[in-house]
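S.K.: Below is a structure I'd like to ask you about.
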Amino acid sequence: MTVQPATLTLPAPAKINLFLHITGRRNDGYHELQTLFRLLDHGDRLHFTPDDSGQIRLSSDAPELATPDNLATRAARALKALPGTPSRHGVRIRLEKRLPAGAGLGGGSSDAATTLLALNHLWQMGLDTSRLAATGLQLGADVPVFIHGHSAWATGIGERLEPVELPPSWYLVLTPACPVSTAEVFSHRELTRNGSAIKMSAFLAGHSRNDCESLVRRLYPAVDRTLTELGQYAEARLTGTGSSVFAAFTRRAAAEAALEQILDRATGPLDGLQGFIARGLDRSPALDVLEGLQTPVE
Numbered sequence: 237m238t239v240q241p242a243t244l245t246l247p248a249p250a251k252i253n254l255f256l257h258i259t260g261r262r263n264d265g266y267h268e269l270q271t272l273f274r275l276l277d278h279g280d281r282l283h284f285t286p287d288d289s290g291q292i293r294l295s296s297d298a299p300e301l302a303t304p305d306n307l308a309t310r311a312a313r314a315l316k317a318l319p320g321t322p323s324r325h326g327v328r329i330r331l332e333k334r335l336p337a338g339a340g341l342g343g344g345s346s347d348a349a350t351t352l353l354a355l356n357h358l359w360q361m362g363l364d365t366s367r368l369a370a371t372g373l374q375l376g377a378d379v380p381v382f383i384h385g386h387s388a389w390a391t392g393i394g395e396r397l398e399p400v401e402l403p404p405s406w407y408l409v410l411t412p413a414c415p416v417s418t419a420e421v422f423s424h425r426e427l428t429r430n431g432s433a434i435k436m437s438a439f440l441a442g443h444s445r446n447d448c449e450s451l452v453r454r455l456y457p458a459v460d461r462t463l464t465e466l467g468q469y470a471e472a473r474l475t476g477t478g479s480s481v482f483a484a485f486t487r488r489a490a491a492e493a494a495l496e497q498i499l500d501r502a503t504g505p506l507d508g509l510q511g512f513i514a515r516g517l518d519r520s521p522a523l524d525v526l527e528g529l530q531t532p533v534e
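Residue numbering for the sequence shown follows the working numbering, beginning at 237 and increasing consecutively.
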C-alpha cells in the first residue's frame, strides 16, 4: 500500500497553438475555430496540501496572483461545489508561476486543469476525464485540453479534441512585455472570422496560419517586432491570441543560439523581452505523475 503524500506536486504545462483558424462566430458570441494544441515541457508548478478545514487557500511566489479570481482557486471551488462533495474538504495551494499572463501559453487554464486533476485525486472524488473536462470548460475554453493531457487537433470553441502525435521539435518561445487581451482581439471588428477549415495533411504541408496574428501585430508593435526578430532564424508565428511568439527548431542548440542573440539585441520596444526553450510533448507530465500514484486504502 502506498501512503498518499501530505503534499502533491504537479506540473501545469504550457501550450502553443501551432495554427489558429477562426471559422465563424456563434450566436452566443463565441468563435468557432480550428487549432492544433502542442503541449510543452515548460510551465507552472502547483503544490496541493489537503486538509479538513473546508477552505480553499492559495499562495504564490507572485503574490498579486493569490486572489479569489485566480483560475486555480476558481477550479477548486467548482469541484467543491459539485453534488456530494463533503463540506469539510479543503486545500492549501501554492503556485509557482513561470508563465506570463496574457501570453497565449495557456498558463491560467493549465493551472485550473492541474487543480481539477489534483483535487479529484486528493479528495477521492472518482470523476472521469469527461466530467472533469466539462467542469473545466466552464472556466475556460482551453482548460479541457490540459485535462485530457494530450496534444490535440481542436475544433468547436477549442473543446472538441482529437489526440495527435507530432514529430519531435524544440520550440523557442518569446514573450514581449505587453500582455494581449483575448477579449479585445476576439471582439475587434477587423478580426478575420471566415477562415477556412483544413485537414492535418494541409497543416503538415505548411498550409496554415494564425488568423489573429495580423491584427495583434497592428495593435501591439512589440509583438510585431518580436515576430520580425525571431523570423530571422526560423518561421515565426503567434500562439493563440496572446503576446507570445514561437518558432520550431530540430536542434536545441540552434534554438539556444537564436535566443541568446535575440536577447542581446532586445532594446527599445523589446525591453523586458522574455524567452525560453521547450521540447514539444504529446502527453502531459501531470498525467504521468498521477498514474504513478495509487489510491490510498483506508
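C-beta: ideal position from N, C-alpha, C; glycine also.
Which residue from G392, V409, L523 puts its Cα closest to that of I498?
M.R.: It is V409.
S.K.: Report the three-state DSSP secondary structure of L509 (helix, strand or coil).
M.R.: Note: L509 maps to coil in three-state DSSP.
S.K.: Please list, in chain order, all residues of the same chain as F482 whose beta carbon is under 6 Å from its beta carbon, the five residues on each side excluded.
M.R.: Only I252, Y407, V409, T475 meet the Cβ criterion.
S.K.: Give every residue of the same chain whose Cβ lies closer than 6 Å to the Cβ of E534, excluding the five residues on either side of it in the sequence, and list them in chain order.
M.R.: Caution is warranted here: a pLDDT of 39 is assigned to E534, below 50, making its placement in the model unreliable, and the coordinate value is therefore given only provisionally. Taken in chain order, the list of residues that qualify is empty.
S.K.: For F485 and I513, I'd like the C-alpha separation in whole angstroms.
M.R.: Using only the alpha carbons, I get a separation of about 10 Å.
S.K.: Using the three-state DSSP reduction, which class does A250 fall into: helix, strand or coil?
M.R.: The answer is strand: DSSP assigns A250 an E or B state.
S.K.: Do P463 and R453 have their CB atoms nearer than 8 Å?
M.R.: For clarity, residue 463 is Leu in the given sequence; the question names Pro instead. Against a cut-off of 8 Å, the Cβ pair of R453 and L463 comes out as a contact.
S.K.: Provide the residue(s) that pair with S296 in DSSP beta bridges, ordered along the chain.
M.R.: Its beta-bridge partners are L331.
S.K.: Check this for me: beta carbons of V416 and G344, under 8 Å apart or not?
M.R.: Not in contact: V416 and G344 (Cβ atoms no closer than 8 Å).
S.K.: If you reduce the DSSP assignment to three classes, tell me which class A337 lands in.
M.R.: DSSP places A337 in coil when its eight states are reduced to three.
S.K.: Can we count A370 as close to the ligand SAH, meaning its CB is less than 7 Å from some heavy atom?
M.R.: You won't find the ligand SAH in this model; it holds no ligand whatsoever.
S.K.: Over the uninterrupted alpha helix (DSSP H) stretch that includes A377, give me the two end residues.
M.R.: Where A377 is concerned, there is no enclosing alpha helix (DSSP H), given that its DSSP letter is neither H nor E.
S.K.: According to DSSP, Y407 sits in a beta bridge with which residue or residues?
M.R.: Bridge partners of Y407: A484, A514.
S.K.: To the nearest whole angstrom, what separates the beta carbons of P374 and A314, a pair I think is in contact under 8 Å?
M.R.: In the sequence as presented, Pro is not what sits at residue 374; that position holds Gln. Yes, they are in contact, since the Cβ atoms of Q374 and A314 sit about 6 Å apart, within 8 Å.
S.K.: Compare the C-alpha of D347 against each of A370, D364, R324, F382 and name the closest.
M.R.: Of the candidates A370, D364, R324, F382, the one whose C-alpha sits nearest the C-alpha of D347 is F382.
S.K.: Going by DSSP in three states, V446 sits in which element: helix, strand or coil?
M.R.: Note on residue identity: the sequence assigns Asn, not Val, to residue 446. Three-state DSSP puts N446 in a strand.
S.K.: Under 8 Å, Cβ to Cβ, is there at least one residue of chain C near S345?
M.R.: The chain inventory of the structure shown lacks chain C, comprising one protein chain alone.
S.K.: Which residues mark the beginning and the end of the beta strand (DSSP E) in which A472 is found?
M.R.: That residue, A472, is in no beta strand (DSSP E); it is neither H nor E in DSSP.
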